[in-house]
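Asker: For the sequence shown, position 364 (counting from the first letter as 1) is numbered 363 according to numbering that gives the first Met the number 0, and the numbering increases by one without interruption.
In this text, a Cβ means the ideal position worked out from N, Cα and C, and glycines have one as well.
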Amino acid sequence: MEKPVLYLIDGSSYIFRAYYAIRHLSTSSGFPTNAVYGVSSMLFKFIKDYNPTLLGMVFDAKGDTFRNEMYSLYKANRSAPPDDLVPQFQKIFDVVDAFKMPQFMVEGFEADDIIGTIARRMEDAGYDIVIVTGDKDFSQLVSDRITLLDTMKNKTTLIADVVEKYGVPPEKVLDIFALMGDAVDNIPGIKGIGEKTAINLIKTYGSLEALLGDPPGLPERWAKLIREKKEDALMSRELATIKTDMEMDVSVDMFRYDGFDKEKLGSLFRELEFKNLMRELGELEEPPPADNGNEETGNAVPYDNYKAVLKEEELENVIKRIGETGEVSLDLETTSQDPMLAEIVGISLTPAPHESYYVPVAHRALSDAAVKQMPLAGVLSKLKPVLEDPDIRKIGQNLKYEIVVLERNGITLKGIFFDTMIAAHMLDSSRLSYSLDELSRVFLGHLMISYKDVTGTGKSKIPFDEVEIEKAKVYSCEDSDVAMLLYKKLEPELEKAGLVDVYRETELKFIEVLARIEMNGVRVDPLKLKELSKEFDVGLKELEKEIYAGVGYEFNLNSPIQLREVLFTTLELPSKKTTKTGEASTDVEVLTDLSKFHPVPEKVLEHRTLSKLKSTYLDALPKLINPATGRLHTSFSRVGSSTGRLSSSDPNLQNIPIKTAQGRRIREAFVPDEGNVLLSADYSQIELRLLAHFSDDESLIEAFQTGSDIHSRTAAEIFGVTEDLVTPDMRRLAKSINFGIIYGISAFGLAKQLGTSVSIAKSYIDEYFKRYGKVREYIDKTIA
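1) Is it true that the CB of F567 sits closer than 8 Å to the CB of S558?
2) Helix, strand or coil: how does DSSP classify P491 here?
3) Along the beta strand (DSSP E) that carries L147, what are the first and last residues, could you check?
4) For P384, name the three-state secondary structure that DSSP assigns.
5) Shortest alpha-carbon distance to V378 belongs to which of I391, P359, A714, P81?
6) By how many angstroms is the C-alpha of F43 removed from the C-alpha of E686?
7) Within 8 Å, do at least three Cβ pairs link the region 468-478 to the region 302-312?
8) Report back the beta-carbon spacing between R560 and K602 to the nearest angstrom; my notes put them in contact at under 8 Å.
9) DSSP on D418, reduced to helix/strand/coil?
10) In terms of DSSP beta bridges, what is R392 paired with?
11) On the DSSP bridge assignment, give the partners of L623 in chain order.
12) Quickly, what does DSSP pair K306 with across the bridge? List them, please.
13) In whole angstroms, what separates the C-alpha of D63 from that of T243?
14) According to DSSP, what are the bridge partners of Y18?
15) Mind pulling the alpha helix (DSSP H) runs of 4 or more residues that sit fully within the region 241-285?
16) Using C-beta distances below 7 Å, list every residue in its chain close to L528, excluding the 5 sequence neighbours before and after it, in chain order.
17) Can you grab the Cα-Cα spacing for the pair P656 / I665, in whole Å?
18) Residues in its own chain within less than 6 Å of L562 by CB, not counting five upstream and five downstream?
19) The alpha helix (DSSP H) that contains V344, what's its start and end?
20) Excluding the 5 residues preceding and the 5 following V404 in the sequence, name in chain order all residues of the same chain whose CB lies nearer than 8 Å to its CB.
21) A702: buried (16+ other C-beta within 10 angstroms of its C-beta) or exposed?
22) Tell me, which residues are paired with G55 by DSSP?
23) When DSSP labels each residue in this structure, what does E109 get in the three-state scheme?
24) Which residue marks the beginning of the beta strand (DSSP E) containing T334, and which one marks its end?
25) Using the DSSP secondary-structure output, state which residues sit across from R522 in a beta bridge.
26) Look at the Cβ atom of S40, then the Cβ atom of L280, and state whether they are nearer than 8 Å.
27) Determine, using beta carbons only, whether F442 and L498 come nearer to each other than 8 Å.
28) What are the residues that DSSP puts in a beta bridge with T155?
29) For the region 644-652 and the region 420-432, state whether three or more C-beta atom pairs, one from each stretch, are separated by less than 8 Å.
30) Pick from M179, P168, V129, I189: whose alpha carbon is nearest that of K195?
31) May I have the straight-line CA-CA distance separating E219 from G191, to the nearest angstrom?
32) One question on the structure: do T146 and V131 come within less than 8 Å of each other, judged by their Cβ atoms?
33) Taking 8 Å as the threshold, find out whether the region 369-387 comes into contact with the region 498-510 through three or more Cβ pairs.
34) Our contact map puts N185 next to A75 with C-beta atoms below 8 Å; I'd like the distance itself, whole angstroms only.
35) What is the DSSP secondary structure of N89, reduced to helix, strand or coil?
36) Does at least one heavy atom of the ligand PLP sit under 7 Å from the Cβ of V161?
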C-alpha cells in the first residue's frame, strides 16, 4: 500500500509572506489582521488543494541559534518585525492551534533544521515529503522523495528544477551558497563573487574543495579572492547547511492530521471579523446540498441534460422555450478575452435551471469535421428578436462582455435582468474573487469544469475553436446553467439585504453605460508615441553612459543579480534590506537611500523610470490599438475594489502618468477626434460630502454649507485652534485623517502614512471621533 505524503510547512516563512502579500487590514477597533488573515487563507487553500493526512507546521524559536555562536553577525542585518505584525503573532498561533496542525519548534535551532531533520528521517522510512516554502535554501534537500512546493507561486521544485536553476545537483548547491553568501541571513560568502559567478565556478570546477585547491585554469581574479577568503567560504557553507541530524524523536504518528476545530476557528474568525473566512469555514466542513445533482460526483448540475443544437428546427424550439420561461441565461464562447476582438465560436442558452443548450458555430476540431454547424449569421438572425426583446429577462456572469461582443455582431442586448458577478459584489465587496467558478463553489457547493480542463495548458493548449463540440457543450452549458442557479440563489439575498432597487436602477443600468464607454474607446496618436519613444531611447543611452562611467565597466542594468554585484560589491554600498527570496534588495526605497552615498543609484532610478515609461506606455500602447477602430479599448471592472471604484485594465487607462514631466508628455498622445475636445470633470470631495450626508454630522454639514476648507476645518477641530492658526502641516494631517477615516484606516496605517508613532496616530483618530461623533456612530452602525 502506497504511503501518504508528508507535508512540512515552513511556518515562519508563511507569516512574513502573508504579511507582505496583504496590507492595511484591521478590525473595526484598529487591531491589525493582515498577516493573520493571510496565513488563515493560505492554510485554508492548502488544505482544500492538497487534502493532507500527514502534516507538520514548523516555526523558528525565539533567540539565538548555534549559528550565532559560530558567527556573531549571523542575521545581524535583520530589522525587528514591523510594529503592526508583532501583535499578530499570538493570533496566528491561535489560528494554527484551531486548525489542529501538529506544530514543531526547538530552542536553539531554526525551522529549516527541524524540517531538514524530519524530512531525512521520514525519507529513510519510505515516505515522500513535500516541503511547503518559498525559501531557496531548501534546494539542498531536494531528492527523489523530497520536493519543494511554493503555494503562492504554484511552483514545485524537483531535482531537475534545481539543476536547471543552479546547473548542479542539490548536493552541490551548498558550494554555490558558500561562494555567493546570503544577504538575507548576513552570510558573507566571498565578497566579489555573485550568484552567476558562483554557479559558473562550481559547474566548471565541480566543488568548493576543488576551487580551494587553486585548480589550473582558474582566472587569477577569482583565484585571488578565493585564496584570501577561504575561511569565509568554508564558514559560509557551514552556516548555510540545513541540519538533518538533530536529536529529536520523529515518528509518523506525530504528523497525523484529521481536520480542524470548526468551533474554535469560527470563534477566532468572528473575533477577527473575517467574514469571508467564516463563509469558507462553512463551505469546507458542510458544503451546501447539490439540488438535483449527481450524487456520485456531488455536482450541482446535471451534465446529461445539456444538448448541442445543430439544426434550425432545434434552435427554433430553444427560442420557443425561452419565450415560455420569459428568461434566459446566456454565455458566449469566443476566440479572445478582449470583446472588441473576440469572434463567436458558440453560444449557450439556459431558459430554466438544469436545461441548457449549446449552439456551436465555428468549431474546427478535426474530430468534428463531419458535424455540420449552423452559420453564425443565420443563428444570430434567429436569436436577434429574443436577445433584443426587453421583456425577456437576460441573466449571466459579467454580461458587459456579451453586450460588447453582440453589439459588434449587430445585436443590442436588451432586458438585462441579473448579472451574478455584480450581485455577488453587492452582497459582499470584500471577496478576493468573483469568478463564476468561485461563486459556484461558495454558493452552490459545486466545483466547475475549468477552462484549462477543455483547452489544456502550456504547449498543449489549444484555442477554444479547436475544442471538440462535445467538450465545449458541457463546459459552456455549465457556465450558463450555473449563472441561472446563482440568479435563483442570489436574488432573494439581495431582497433580504434591501439592495434590489439599487441593483436594478443603478448597477444593472451602469453595465450598459460601461459597455458603451468601452466600445467607444479613446483615440491615441501613434506617431506621437513613436516620436516620444525615440526621444526616451536617446535619454536612456545617455544615462547608461553615465552609469557605466561611474561604475568603471559595463553591465546589464536590467539584471538584478548584476546590479546587486555592482552596488554592494564593486561600489561597496551598504545593504540594508532584502527581498522575500533572501537577496539584497535593489528596490526604489533602497536606491533612494543609497543615492546619499553615490551618484550611480540615482542614475539607476532615473533609468528605471524612463525605461518603464517607454516599455509600459510608449512601446506597448501602439500594439494595443484596435486595428478596426484605430482606438484603445480598455476594460472597466465594477468588482475591482471593495470601495466601488472602477478599475481599468488591458490597458489600464487610469494609470497614465501625471506626476512627472516625462509622464505628462505621454498624456499628450491622447487626443480627441477632430472638432471635439477632451473634458475632465471631478466631484469636489464627494466622499466627504457623502459621509456628511449619511452620518448627518452637524459639524461636517456646516463646513460644506458655509464653504469652509474642510481639511482646515478638521485640523482646527482636532488641534483645538481657530482656522486662521492652522498650519500647512496641520492641514496635511487632517486631510490624511479625513480620507483615511472613510476607508477604515487603522492607527497603524495612519502612523505609517504620517510618519509618526501609533499612539500619536491613535490620538488623532480619537480626537476626530470626539469632534465628529455622528461619523463614529455611522461607521459602527454600518459595520454592525
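Answerer: In this structure, then:
1) no
2) helix
3) 145-149
4) helix
5) P359
6) 36 Å
7) yes
8) The amino acid occupying residue 560 in the given sequence is Ile; Arg does not appear at that position. Actually they are not in contact, since the Cβ atoms of I560 and K602 sit about 19 Å apart, beyond 8 Å.
9) strand
10) E326
11) According to DSSP, L623 bridges with nothing at all.
12) Y356
13) 19 Å
14) In the DSSP output, where bridge partners are listed per residue, Y18 has none listed.
15) 261-271, 274-284
16) L617, L620, P621, A668
17) 7 Å
18) T585
19) Premise fails: V344 lies in the beta strand (DSSP E), 343-351, not in any alpha helix (DSSP H).
20) L331, T333, P338, A341, I343
21) buried
22) L7
23) coil
24) It is not in any beta strand (DSSP E) - T334 carries neither H nor E in the DSSP assignment.
25) R630
26) no
27) no
28) L148
29) no
30) M179
31) 13 Å
32) no
33) no
34) 5 Å
35) In the sequence under discussion, the amino acid at residue 89 is Gln, which differs from the Asn named in the question. If DSSP states are grouped into helix, strand and coil, Q89 belongs with the helices.
36) The ligand PLP is absent from the structure shown, which contains no ligands of any kind.
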